[in-house]
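Going by full-length UniProt numbering, the first residue of the sequence shown is number 1, and it counts up by one from there. Cβ atoms here follow ideal geometry from the backbone N, Cα and C, with glycine treated the same way. Take a look at the structure below.
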Amino acid sequence: MPCPLITLESGETVQLIPKPMQSDLDWLISDLPADLQIPDDIQRYYCTEPACRSDPCLHGGTCGETEIGFTCLCLECHRGERCEEGVFATVSGPLYESSSVDVPAEAGSVICPANTTNITDCWYSETKVGRINESETISIVCCPVNPCNISGRPLGLESGALPDSALSETSCHSASECSRFGRLNSETAWLPDSSDQIPWMQVQFESSYIITAITTQGRNDYDEWVTSYTFVSSFDDTAWTVYLNVYSGSVEIFPGNYDRDSHVTHTLARPIVGRSFRIYPKTNHGHLSLRMELYGYGPLTDDIASLNLDAKLGCTSPVLGEGLGVEDGRIPDSSLTSSSIYSSGYEAYRGRLNGVAVAGEFFGAWAAAHSDNNKWVKVDLGEDTLVTGVITQGRNDWDQRVTSFQISYSRDNTNWTFALEKQCGVRKTYAGNFDAATHVTTLFPVPVTARYVRFHPLASFDDTSLRFEVLGINT
C-alpha cells in the first residue's frame with residue numbers, strides 16, 4: 001500500500017514516503033490486536049515526511065533520503081554532515097589553474113555563464129557582493145582537508161621566484177646575512193645586527209595574497225635559530241594587523257625551531273590576506289637566525305568577493321576542548337607515570353600544568369633520567385575520552401624545557417598510535433616550548449578517542465623537563 005499524499009494546515013501538499021521502522025519506533029505498533037501483529041522476520045515500514053523537505057544541505061549540496069534521515073552530497077570544497085564547512089575565500093579573477101591542485105582538492109574553479117552579473121549566480125550562494133565580468137573565472141580557496149599537506153602553494157622564497165627586492169629587514173649582521181639569504185633551505189640565513197632591539201623580516205608582494213601557512217628554519221651552518229615569533233600583515237605598509245589566536249583573541253606567539261635544519265610549519269587556523277607580511281622574532285637560540293617560506297594563494301588581481309571569517313561560513317578551527325584534569329588534580333598521581341625520573345622529586349605527577357616547586361621537597365616539573373633513550377610520560381584518563389590536543393610548559397624553578405616532542409595515544413595501554421602516523425605515514429613532530437612558563441597548545445586536526453596519552457620528548461633545552469595537560473571533551 002503506497003504512502004498517502006497529505007495536506008498541511010498551510011495548504012501545502014506533501015507526499016509521504018516509506019522508511020524502515022527503527023527499534024525506537026516500535027511503540028507505533030505495540031497496541032495492535034494479536035491477530036494483526038507483524039512477525040519479527042518481516043521488514044516493517046512507516047510513512048513519514050521526506051527529511052529533505054526542509055532543504056538541510058547548505059552551500060548548494062544535494063540532499064538524499066536515507067533509511068534514518070538524509071545525507072548531503074556536497075559541492076567540491078564543502079564538507080560536513082550538512083555541507084556546512086568549506087570555502088575560506090572566493091575571489092574574482094584567475095587564481096591559478098585547477099589542474100595544478102592535488103586530490104583531495106583544496107581549490108576549484110568554474111567558468112561563469114555569459115549572463116552572470118553577481119558571484120552568487122555562479123558558485124557561492126551565501127555571498128551577495130563582488131561584481132564580476134562575464135569572461136572571468138571564479139576561483140574558490142577551500143579550507144584544508146588533508147592534515148598531511150600544507151594548505152596552499154609555496155610563494156617563491158625558496159624557489160627564487162620572489163625577487164630579492166621583495167625581501168627587507170630592520171638590520172643585517174653583515175652584508176651576507178640580510179633578508180635575501182633568509183629563504184628556506186638557503187646556505188646561510190637572515191641574521192639581524194646584535195643591537196637590533198625589535199628585529200623583523202618582511203616579504204612584500206606586488207599584489208594581495210592569501211597566506212595559509214608559514215614554515216621557518218634555523219641557520220644552516222651554525223646551531224642558531226628563532227624559537228618563537230609573531231606574524232603581522234598589511235595592505236599598505238602603514239597599517240599593520242597582528243595575527244591573533246582564534247580561541248583567546250590574544251596575540252599568537254608561534255613556537256619556532258628546535259634545531260638548525262628542521263622545518264617547523266604552522267598552518268593558520270584563519271588564513272589572512274595582505275600584500276606585506278612580517279615575522280617578528282621574540283626568542284632565539286644562539287644568534288637570531290631565520291630562513292622561511294610563506295604558503296598560500298594569489299596573486300589576487302581583483303577584489304576579494306567574500307572573505308569568510310565567520311565560523312558558520314568559513315573554515316572550522318580544530319576543537320580546543322578543555323583540560324581533562326592533570327592541572328586541577330582530578331587525575332590522581334597514580335594515573336601519571338613515566339619511563340624514568342631524574343631523581344626523587346621529579347616524578348611524573350610533578351609535571352602537572354602550572355605546578356610549582358617547593359624548595360627542599362620537590363621540583364617544578366617531571367624530568368627524565370639522562371640515561372633514558374626512550375623518554376615518555378603518560379596520562380591515564382580513566383576511560384575512553386575524546387582527546388583534542390595537549391598543552392606543554394617548561395620547568396617552574398629552572399629554565400629547562402622540551403623543545404620538540406611527539407604524541408601517542410591508546411585505548412588499551414597496549415596498542416599505541418602516534419599522532420597523524422596513520423594519515424600521513426610518518427609520526428608528527430611538534431614544536432615545544434621556547435621558555436619555562438608560556439603554555440604552548442597543540443591541537444589535533446580532529447579529536448581522537450583514547451584513554452591513555454603519552455608525551456615523547458625528542459629535544460630539550462638544558463634538560464628534559466615538562467609540565468603538561470591533556471585537552472578533550474568531557475562527556
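C-beta atoms of residue i and residue j nearer than 8 Å
i      : j      : result
Ile211 : Ile272 : yes
Phe461 : Phe405 : no
Gly323 : Thr388 : no
Ala368 : Ser340 : yes
Arg260 : Glu224 : yes
Leu300 : Ser207 : yes
Leu73  : Gly61  : yes
Leu353 : Gly472 : no
Tyr430 : Thr442 : yes
Pro255 : Gly432 : yes
Asp397 : Thr283 : no
Ser334 : Trp366 : no
Gly351 : Leu466 : yes
Tyr280 : Val232 : yes
Gly286 : Tyr349 : no
Val453 : Val426 : no
Gly298 : Tyr209 : yes
Leu157 : Leu184 : yes
Leu155 : Tyr295 : yes
Phe363 : Gly345 : yes
Ala437 : Tyr258 : no
Pro445 : Pro147 : yes
Ala166 : Phe205 : yes
Integer Cβ distance of residue i from residue j, believed to fall under 8 Å
i           : j      : result
Ser168      : Asp193 : Contact flag wrong, Cβ pair sits at about 14 Å.
Thr188      : Asn220 : 6 Å
Thr392      : Val319 : About 18 Å; that fails the 8 Å criterion.
residue 490 : Pro457 : In the structure displayed, the chain extends from 1 to 475; residue 490 sits before or after that span and is not available.
Ser151      : Val246 : That pair is no contact at about 15 Å.
Ile17       : Pro50  : 5 Å
Lys19       : Glu67  : 6 Å
Cys3        : Cys47  : 4 Å
Phe235      : Arg275 : 5 Å
Arg384      : Arg330 : A small fix is needed here, since residue 384 is Asp in this sequence, not Arg. So it is not a contact: roughly 16 Å between Cβ atoms.
Per DSSP, cross-strand counterpart(s) of residue i
i      : result
Cys72  : Cys63
Pro18  : Cys47
Ala213 : Thr267, Tyr295
Gln202 : Ser168, Arg278
Ala450 : Thr385
Leu244 : Val251
Leu5   : Gln15
His78  : Per DSSP, none; premise fails for His78.
Glu85  : Arg79
Phe231 : Ile279
Leu290 : Trp190
Ser208 : Leu300
Asn284 : Val226
Pro154 : Tyr295
Arg183 : Met292
Min CB distance residue i to chain C below 8 Å
i     : result
Pro56 : The displayed structure is made up of one protein chain only, and chain C is not part of it.
inquiry  = Can you confirm whether the stretch 172-185 touches the stretch 225-237 when touching is taken to mean that 3 or more C-beta pairs between the two stretches lie within less than 8 Å?
reply    = no
message = I'd like to know if the stretch 198-217 and the stretch 263-270 are in contact, where contact means that at least 3 CB-CB pairs between them fall below 8 Å.
response = yes
task = Inspect the CB distances between the stretch 191-203 and the stretch 240-247 and report whether three or more fall short of 8 Å.
result = no
query = Quick check: the stretch 365-380 against the stretch 418-426, are there 3 or more CB pairs under 8 Å?
reply = no
Complete alpha helix (DSSP H) runs within the UniProt domain "F5/8 type C" (315-473) (minimum length 4 residues, chain order) = 421-424
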